[in-house]
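Here is the structure we will look at, set down as structure tokens.
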Amino acid sequence: MGISTLDRSKEKLVVVGGGMAGGRVVEEIVARENSRFDVTIIGAEPYTVYNRILLSDVLAGSKSPEGVFLYSTEWFQSRAVRLITGVKVESIHRDRKVVRLAGGEERPYDKLIIATGSLPLVPEIENVNTPGVFVFRTIEDCQLISSYARRCKRAAVIGGGLLGLEAARGLVNHGLEVTVVEVMPYPMAQQLDAESGAMLARKMEALGLRFQFEKASQRVLGTSAVRGLAFKDGTELDTDMVVISCGIRPNVRLAVDAGLRVERGIVCDDRMVTSDPDIFAVGECVEHRGRIYGLVAPLYEQARVLAEHITGVQSPAFYQGSKISTRLKVMGVDLVSIGDGRALDPAKASITKYVEPSRGVYKKLVVREGKLEGAILLGEIDSATLLIAAYEAGTPMPERHADLLFGRAAGDPRVMLEAMPGESRICACHQVSKESLVELLSKGCSLDDLAAKTKAGTGCGGCRPQLEMLSAIYGDADRNPATTRYAKSIPLSKPELMAEIRRLGLKSVSAVMRTLGGGDDPGVKPALASLLRMVWREEYDDERDARFINDRVHANIQNDGTFSVVPRIFGGVTSPAELRRIADVAEKYQARMVKLTGGQRIDLLGIKKRDLPAAWHDLGMPSGHAYTKAFRTCKTCVGTDFCRYGVGDSTALGIAIEKRFQGIEAPHKLKLAASGCSRNCAEATVKDIGAVAVDGGWQVYVGGAAGSRVRAGDLLATVATNEEVLRIIGRFIQYYRMNARYMERSPAFVERIGIERLRSILVDDSEGQAESLDRQIEDEIASYRDPWLEGKSPIEPSQFADELAIATERS
Amino acid sequence: MPNSCASSTVETKAAAVGRSRVALCSLDSLPKGQGRCFAVGRLKVAVFRERDGSVAALDGLCPHLGGPLADGLIGAGVVVCPLHAYRFRLSDGTGVDNGFRAGRYPVVIEDGRVFVQLPPTE
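Taken in order, these protein sequences are the chains called A and B. Going by this note's numbering, the first residue of the first sequence is number 1, and it counts up by one from there. Going by this note's numbering, the first residue of the second sequence is number 1001, and it counts up by one from there.
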């Protein structure tokens, strides 16, 4: 890798271990001192350094392995660090100051850093080597588990701790029936008390997990493959595979063999030096003041201290041990554990508790001598950042502890974030303060830049919503060229790219890529297709290979390769005849699920690609576009026809909106709603565009969302008639199509442009664009054609084929 | 989850017992810049025709979670799985920055017809 000859003038620094600790310590060292050391990092795994915390996301399928790499091989090369992967270090010879690699090669060192991490703790279980038993520690483990899981129906996870629960949830995503086996009577016994543990178990059960508590595993059943687990109490559990996730033990073999002082871990002082002054250690293999850490924040603190001492740059800090907080990052379950919140005896500590079983909320503070000793937040974690800050800084607690349990729950998180003092930590993993982030944001940095410069958000990822919020408050994205670029491989903003496309008459994606660059990158094609479609409308040369599969077959691909079919139901108003046809189609084409959607429609899931044209024909209804970046639906309440409170006819308006704008393509999806009075039953204020009836007309809101982030829409205009509502919506949609970045949803767009500016352009016509916007959207509406008509006359051969038959000859 | 076909072992097996050549389709029937899936016995084979004219064949099912590779966007010598956007090189089936590998089958074009070299049916 890179440099192969040793520079004799430099001290040789060898890092054993290519995990997060090894990578981090190298980063911290080369950031301070890049000339004194000749650095080599040796990892046993065949990859560059990756983020082990995110492996549960890899197992769950929500992240790719490359998505968790922390440093590329080029990163090491450009810093003249020699990266050796896939090679184990076999021994350390302190007498000669060399390490011996597998295969016999020796590498000399002047300074050595041991970052060998930890190994999975495997309890004594008979037949634990039976095929189908796995540990969960590496990318390779993930791959082995994923591929074995494909032939299984049931899985057991031994260990109900943080990692065990995350592994279990990952296996549920693979479609398995998963049972978590735990010795204690409730999960996460390291962090939770019995009451919160039981609540967590109920939440996880609602996600599809099963539990067997107070079960000690004795024996794996099955000979050629796992078929069950036998417990010490004589009971058994049928299962097709077993994943062991019972914790970690420091990987200390090299240190023991080399004669270093080792207790449970490699014993280090406050400078991270072992019993040999030329050998340091960092990470999960370390024992410091009797403690071993298995989380990322302490490891990063250790790496920083070690780097300061080994380089002598900056006045070195001393490692004092770490204060621990944990976040369970499993979909749908919010849990934060700070310090030790398990104390139960009110005689020894002041315990403040709030429990709301119906919502699954449990909050508990343990305060001793006026300071926070620990906290458990389950189901509602909005005060976590404040509590973690108070815990780490050891600040005195206010007299009313309840203020810290509910301080932020009532308030707008944005307001709280603005009010937070500058030195507050936003990213706990990488210790990044609010003020340092705000400074970078005000210089025009994007979120990606923040991640590159400060690493904020790249550890557990729990602070990402706050980073996005900070960026929305303090950011200035327009000044950053990389963020204004429309397609990442073409150095032009959206208006520039549109101008070039028009000037050069480029009418297909392949023509744009040939002429303006882009390297045929498949990741960029759909974005270009969206833009060209808008610029050229009917003149667009529609190369189908530039479309994502959903837009080739006009249905939404599901995790098993089948598709979901959502016919349009205008305004959510259907008829018995339509419902009968939908039911017939669901039966005839064996829909695996029939589901009412949030947009007041009916979703037929699990339809085979080859059946799509016939299903559409039998439905006799147009496409609902529930698969593409376009106008989706307009949700309505019943309005004046039936509702005794109705002020405006929201149903009629909703149907008119949907008939007019159905299928209009946009940079991202558009979900709309119309409510007949201010009670707002159709939730119009959290839609991309919403209309709410008021006395004498309608209010039109834009930029609302109730997704991963909840945002109330901004009032764009109040108008008198349905025609005016349709006109102002059309203007907004066209302006959004012309000016939003690809995949930029309306809330981000409205915040970026500003509601006052939008109002002045779209309502007051301050820039004289209104007429042209009205005309363009009118043309777009006129050129609309139901894509499901392609079912009758496919555009290209085998467009809707699942798989093709072959000629029978074999030669 | 669809069943996986024996992806990574296919090429070695074929080398050991002698390959079998299968005619898939006419070249014209493959749309430019797209893939199509063919069923050969229990095996699913994804065949891709790049815009530059080259044709390649990989396992039909993504080695990650069995996604239909033939439905993926292609370009710049890779296919992007439609389920989780893992990328695989059409030249040899190796993952781009991921540790997975899709089995790859040699392709021959003769007289406008597309053939792949496969192991004999089981």
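Just so you know, even glycine gets a beta-carbon here, dropped at the ideal spot from N, CA and C. Keep in mind that this is a model prediction, so the values were computed, not measured.
Asked: Members of the stretch 786-800 of chain A that neighbour chain B once the beta carbon cut-off is set at 7 Å; Found: E796, P797 and S798
Asked: Buried versus exposed, by CB contacts within 10 Å (16 or more), A:M534; Found: buried
Asked: Where A:P522 meets chain B, residues with beta-carbon distance less than 7 Å; Found: L1073, I1074, G1075, A1076, V1078 and V1080
Asked: Nearest neighbour of B:I1074, chosen from B:G1112, B:F1100 and B:R1049 [CA to CA]; Found: B:R1049
Asked: Beta strand (DSSP E) segment containing A:K595, residue limits; Found: M593 to L596
Asked: Three-state class that DSSP yields for B:R1113 in the structure shown; Found: strand
Asked: Cβ shell of B:L1123 (< 8 Å), same chain only, five flanking positions each side left out; Found: The requested residue 1123 of chain B is not part of the displayed model; chain B covers only 1001 to 1122.
Asked: Which of helix, strand or coil DSSP assigns to A:Q302; Found: helix
Asked: Neighbour list for A:G519 in chain B, Cβ cutoff strictly below 9 Å; Found: G1075 and A1076
Asked: Inter-stretch contact at 8 Å, needing at least 3 Cβ pairs: the stretch 209-219 of chain A / the stretch 111-131 of chain A; Found: yes
Asked: Bridge partners - A:Q699, DSSP secondary structure assignment; Found: A:V692 and A:T718
Asked: Residues that B:A1039 contacts on chain A, provided the C-beta gap is smaller than 9 Å; Found: D802, E803, L804, A805 and I806
Asked: C-beta neighbour in chain B for A:F661, strict 8 Å; Found: no
Asked: Of the residues A:R291, A:M199 and A:E439, the one placed nearest A:S358, counting alpha carbons only; Found: A:M199
Asked: Amino acids of chain A, ordered along the chain, whose beta-carbon sits closer than 8 Å to that of B:G963; Found: Residue 963 of chain B falls outside the range modelled here, since chain B spans only 1001 to 1122, and no answer is possible.
Asked: Nearest-angstrom Cβ-Cβ length linking A:L762 and A:I728, presumed shorter than 8 Å; Found: 7 Å
Asked: Assigned secondary structure, A:D618 (DSSP; H/G/I helix, E/B strand, else coil); Found: helix
Asked: Residue ranges of each beta strand (DSSP E) within the stretch 87-135 of chain A, 3 or longer; Found: 89-93, 98-101, 106-108, 111-114, 118-120 and 133-135
Asked: A:T352 - containing beta strand (DSSP E), residue span; Found: S350 to E356
Asked: A:G572 beta carbon less than 8 Å from that of A:T640; Found: no
Asked: Members of the stretch 1028-1058 of chain B near chain A, C-beta cut-off 7 Å; Found: S1029, P1031, K1032, G1033, Q1034, R1036, C1037, F1038, A1039, V1040, K1044 and R1051
Asked: Neighbourhood of A:H309 by C-beta distance below 6 Å, restricted to the same chain and skipping five residues each side; Found: R271 and P316
Asked: Rounded separation between A:A409 and A:R711 - CA only; Found: Its pLDDT being 42, under 50, A:A409 is placed unreliably in this model, and the value from its coordinates should be taken loosely. Spanning the two alpha carbons is a distance of roughly 16 Å.
Asked: Residue burial classification, A:G505 (beta-carbon count within 10 angstroms, cutoff 16); Found: exposed
Asked: Proximal chain B residues relative to A:I549, where beta-carbon distance stays under 7 Å; Found: D1071 and P1082
Asked: CB contact check: A:I125 to chain B, cutoff 8 Å; Found: no
Asked: Where A:I806 sits in the DSSP three-state scheme; Found: coil
Asked: Inter-residue spacing [alpha-carbon to alpha-carbon] between A:A656 and A:L726; Found: 8 Å
Asked: Continuous beta strand (DSSP E) assignments of at least 3 residues falling wholly in the stretch 478-522 of chain A; Found: 485-487 and 490-493
Asked: Chain B contact for A:E891 (CB, 8 Å cutoff); Found: Within the shown structure, residues of chain A are numbered from 1 to 811, placing residue 891 of chain A beyond reach of any answer.
Asked: Supposed contact pair A:V181 and A:L144 - C-beta distance, whole angstroms, cut 8 Å; Found: Actually they are not in contact, since the Cβ atoms of A:L144 and A:V181 sit about 20 Å apart, beyond 8 Å.
Asked: Proximity to A:I376 [Cα-Cα], best of A:A189, A:C460, A:V267 and A:L299; Found: A:A189
Asked: DSSP beta-bridge partners of A:Q212; Found: A:V181
Asked: Residues sharing a beta bridge with A:I338, DSSP; Found: A:S325 and A:A375
Asked: Closer than 8 Å to chain A by CB, B:Y1086; Found: yes
Asked: First and last residue of the uninterrupted beta strand (DSSP E) at A:G228; Found: G228 to F231
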